[in-house]
Amino acid sequence: MFSDYRGEMKDFALVIPVPEVLTREQINVGDKALIERVDAFSAPRLVEYFDSDPCEPPMVYSMRSMGAPDGALAKSGPASSKSLGVTIEAQYTVGEYDILILGAKESSGLEKWLTENGYKLPKGASKALEPYIKQKLKFFVAKVNLAEQVKSGFQYLRPIQFAYESPKFMLPIRLGMVNSEGPQDMLIYAITKKGRVETTNYRTVKLPTGMDLPLYVKNKFADFYRAMFEVSHHKENKKVVFLEYAWNMGWCDPCAADPLTDEELRKLGVFWMTSPFNPKFPKVRPGIVPPMQPQPEAYITRLHVKYDAEHFPEDLFFQETADTENFQGRYVLRHPWLKEAKCEAGKKYFKELKSRRIKEAETLAQLTQWKMEEITKEMGKEPSPTSDEKTPTKETWYQNIFK
Amino acid sequence: MDPRFYQIAFLASFLGLGIVFRDFSVGFSQILVVLVSALAVQVFAIFKYRLAWASLRSAIISSLGLLMLIRTQSFKLLALASALAILSKFVFRFRGKHFFNPTNFSLAILLLVSPEVWISPAQWGEEFLIGAWIAMLGILVTHKSLRNDVSYSFLGFYLMFLWLRVSYLGQPHSVFFHQLNSGSLLLFSFFMISDPKSTPDHRYGRILFSGLVAVVAYWIKFKLYNPNALVLALFFLSPLTPLIDKLFPSERFEWPTSNRREIIHATSSNFHFKFPSVSNFWVLRILRRQS
């Protein structure tokens with residue numbers, strides 16, 4: 001779990017319901033780079049294709065891809081409450097965090113205990129804590145140990161990992177809504193043995209994918225992704241979870257980043273892989289890592305959800321399905337052929353190029369709700385082939401001489 | 001008119017809308033595999049047991065129900081699921097009555113046995129389901145011929161449990177309404193547990209049965225955290241049907257267009273969930289012929 005907490009380190013605290021009292025071995029402070037790796041590997045991506053000479057049918061294409069910048073990660077927690085009915089089940093310092101595992105009998109007791117122990121609790125915390133207490137969950141409470149934080153030398157808070165067994169495949173999101181200002185963005189990377197993960201109590205919807213977009217999106221991919229996500233989110237009445245990536249972790253096509261190595265997967269918690277798979281990924285073409293045999297037993301699902309109290313009344317519940325169909329958020333840039341092409345096919349090609357440009361602009365407008373005028377302005381003038389059948393009047397040598 | 005036509009119309013349009021607007025990942029090939037497999041087994045049974053051709057309607061209902069719920073990447077499993085559904089009607093019988101709902105039987109068996117099969121309960125989405133609940137209740141109210149007391153009593157019990165749980169946990173009541181947002185719950189209530197052929201014959205028996213299913217489903221969902229609770233609960237409890245029928249004996253249900261042999265089983269009916277005018281007419285005619 002990694003959160004993009006902004007504020008003073010000393011003010012940071014998080015409370016997460018957990019199904020059991022976690023021992024010290026079940027908790028770890030992880031490496032931010034690992035999460036960035038998974039994020040980069042699974043991020044929506046751009047692919048560029050270069051049109052070939054329409055007069056020479058055999059296709060040769062080169063391709064590059066790049067990952068989208070990560071969306072806002074995970075969530076921050078609230079804090080606080082004490083007195084009757086609260087038991088400190090365990091207490092550890094792990095890395096820069098002071099961690100308590102609390103058991104509670106009553107939500108008001110827990111709220112009081114936390115407040116008295118210096119946690120600032122937002123209004124309504126007690127009401128949000130109650131369902132978890134009644135379901136006999138424990139509370140994992142962490143705050144930053146400033147001395148340890150200075151020793152660690154990190155300028156940011158590292159992700160917290162915990163490992164436990166439970167038939168309850170869910171994420172308690174309701175608690176985090178108490179102190180959030182507006183909707184929160186969360187990315188969930190689920191790595192499983194079998195196949196795709198989906199929510200069982202909210203619709204999981206595939207992110208729009210596979211569209212041809214104007215070339216200039218390359219320089220504004222982050223803006224594009226954010227705008228498109230926002231539009232899709234509104235279109236689905238803010239009530240769905242988006243699927244952004246679903247793929248075996250052994251390969252990718254196109255790759256937004258190289259697949260994760262054995263070691264990286266293990267550190268992320270993939271404990272079940274017995275036979276290490278070859279971490280040297282053969283590349284046939286730049287940007288592609290082909291599937292290898294046997295494929296590693298690690299399938300990643302990337303879910304993106306933007307949630308608030310009104311549209312997500314219940315925590316997220318998941319199930320692992322047997323679906324191994326590949327899915328990725330992938331957007332295509334097609335570079336036109338701009339050299340001479342005088343054959344019939346060439347003429348047809350240039351004609352189609354015009355309508356293709358319009359279509360790309362329309363797609364972009366539809367996905368992002370950016371204004372058509374802005375898009376056409378950004379797209380610039382229609383590039384013309386370097387020498388076209390209607391060759392522009394030949395420049396004379398003296399034309400520019402006295403300017 | 002045979003109420004099965006309404007069911008087919010409802011299921012087919014619901015499935016069609018789902019495929020078009022909700023990306024159910026059901027394509028033409030899946031539909032073909034399931035229908036062909038189910039109809040083939042049913043046709044075989046028609047010849048073997050000299051059944052009425054109208055029984056094909058039931059096979060279509062079973063196939064459509066299956067298509068809406070079952071998800072798998074394997075066409076073999078789809079064909080198997082469909083065949084199993086229909087076969088279960090002829091294999092698991094007690095005193096001439098099958099006690100598993102065909103769709104429920106094959107779904108549960110495959111969910112329990114094969115890791116390749118799953119159900120996506122949330123794929124319908126809220127807006128879609130509100131429409132479907134209304135349409136379904138509308139059909140039930142206007143066409144009393146559909147035996148619907150099981151649906152009502154099951155929903156009564158199950159929703160009461162959900163409501164009590166939400167109140168006990170102190171969750172906002174929107175959670176309760178959110179929990180209705182399940183395609184499985186809707187299909188289950190109106191097309192599986194309500195199956196007039198496999199549920200107990202007597203109304204008291206059906207109420208008892210639906211209460212038991214609601215309790216077990218609640219337990220599986222909230223104690224074992226299995227999202228397929230409804231399907232599994234009905235599967236495990238269906239074998240109790242013959243026992244409940246013994247406890248509360250009553251007339252056997254028949255579809256209004258069933259074939260002769262089945263009608264003769266039914267005999268003079270004073271049972272008002274059936275279609276007295278139609279079946280009496282048939283019985284009369286058959287009796288006359290025999291005499």
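Protein chains in written order, with this note's numbering: chain A, 1 to 403; chain B, 1 to 291. Yeah, the Cβ is synthetic: ideal placement off N, Cα and C, and Gly gets one too.
Check, Outcome
"Between the Cα of residue 210 of chain A and those of A/346, A/149, A/189 and A/367, spot the shortest distance and give me the residue it belongs to.", "A/367"
"Should residue 194 of chain A be flagged as near chain B, meaning a C-beta pair shorter than 8 Å?", "yes"
"For residue 95 of chain B, which of B/81, B/200, B/39 and B/135 has the nearest alpha-carbon?", "B/200"
"Considering only the alpha carbon of each residue, which of A/239, A/86 and A/220 lies closest to residue 125 of chain B?", "A/239"
"Please report how far the alpha carbon of residue 318 of chain A lies from the alpha carbon of residue 36 of chain B, in whole angstroms.", "33 Å"
"Which chain A residues are close to residue 84 of chain B, counting only those with a beta carbon under 9 Å from its beta carbon?", "Ordered by position in chain A, no residue passes the 9 Å Cβ test against residue 84 of chain B, which lies about 18 Å from the chain."
"Whole angstroms is fine: what's the gap from residue 271 of chain A's alpha carbon to residue 107 of chain A's?", "35 Å"
"Among B/178, B/88, B/139 and B/246, which residue has its Cα nearest to the Cα of residue 6 of chain B?", "B/139"
"Buried or exposed: where does residue 362 of chain A fall if 16 or more other Cβ atoms within 10 Å of its Cβ makes it buried?", "exposed"
"Would a C-beta distance cut-off of 8 Å place residue 189 of chain A and residue 21 of chain A closer than the cut-off?", "no"
"Say the cut is 7 Å; is the CB of residue 39 of chain A nearer than that to a heavy atom of the ligand SAH?", "What this structure holds is no ligand at all, so the ligand SAH is not there to describe."
"Got a sec, what are the start and stop residues for the alpha helix (DSSP H) residue 304 of chain A sits in?", "Counting along the chain, residue 304 of chain A falls outside any alpha helix (DSSP H), though it belongs to the beta strand (DSSP E) covering 299–307."
"For the candidate residues A/142, A/291, A/182 and A/16, whose alpha-carbon lies nearest to that of residue 10 of chain A?", "A/142"
"Can you list, in chain order, the residues of its chain whose CB lies under 7 Å from that of residue 145 of chain A, leaving out five sequence neighbours each side?", "93, 96, 97 and 98"
"When the Cα atoms are used, what is the spatial distance from residue 354 of chain A to residue 206 of chain A?", "30 Å"
"Taking only beta-carbon atoms, is residue 330 of chain A less than 8 Å away from chain B?", "no"
"Considering only the alpha carbon of each residue, which of B/151, B/127 and B/164 lies closest to residue 234 of chain B?", "B/151"
"By a C-beta neighbour count over all protein chains shown, 10 Å radius and 16 as the cutoff for buried, is residue 116 of chain A buried or exposed?", "exposed"
"Determine, for residue 306 of chain A, whether the minimum Cβ-Cβ distance to residues of chain B falls below 8 Å.", "no"
"Spatial neighbours of residue 371 of chain A within its chain, please: C-beta separation below 8 Å, excluding the five flanking residues on both sides.", "365"
"Are there 16 or more other CB atoms within 10 angstroms of the CB of residue 247 of chain A, so buried, or fewer, so exposed?", "buried"
"According to DSSP, is residue 334 of chain A part of a helix, a strand, or is it coil?", "strand"
"Kindly indicate if chain A contains any beta-carbon less than 8 Å away from that of residue 180 of chain B.", "no"
"Taking only beta-carbon positions, decide if residue 225 of chain B is within less than 8 Å of chain E.", "In the displayed structure, chain E is absent; the protein chains listed are A and B."
"Tell me, please, which residues DSSP counts as bridged to residue 315 of chain A.", "According to DSSP, which records beta bridges pairwise, residue 315 of chain A is partnered with nothing at all."
"Run through chain B and tell me which residues come within less than 9 Å of residue 325 of chain A, C-beta to C-beta.", "25 and 73"
"Secondary structure at residue 193 of chain B, three-state DSSP: helix, strand or coil?", "coil"
"Can you tell me the Cβ-Cβ gap for residue 345 of chain A and residue 40 of chain A, rounded? I've got them flagged as a contact below 8 Å.", "That belief does not hold up - the Cβ atoms of residue 345 of chain A and residue 40 of chain A are roughly 40 Å apart, past 8 Å."
"Whose CA, out of B/131, B/203, B/189 and B/27, lies closest to the CA of residue 75 of chain B?", "B/27"
"What would DSSP say about residue 98 of chain B, mapped onto helix, strand or coil?", "strand"
"Just how far apart, CA to CA, sit residue 194 of chain B and residue 329 of chain A?", "42 Å"
"Return yes when the Cβ of residue 322 of chain A is within less than 8 Å of the Cβ of residue 117 of chain B, no when it is not.", "yes"
"So, is residue 291 of chain A buried or exposed, given that buried needs 16 or more other C-beta atoms within 10 angstroms?", "exposed"
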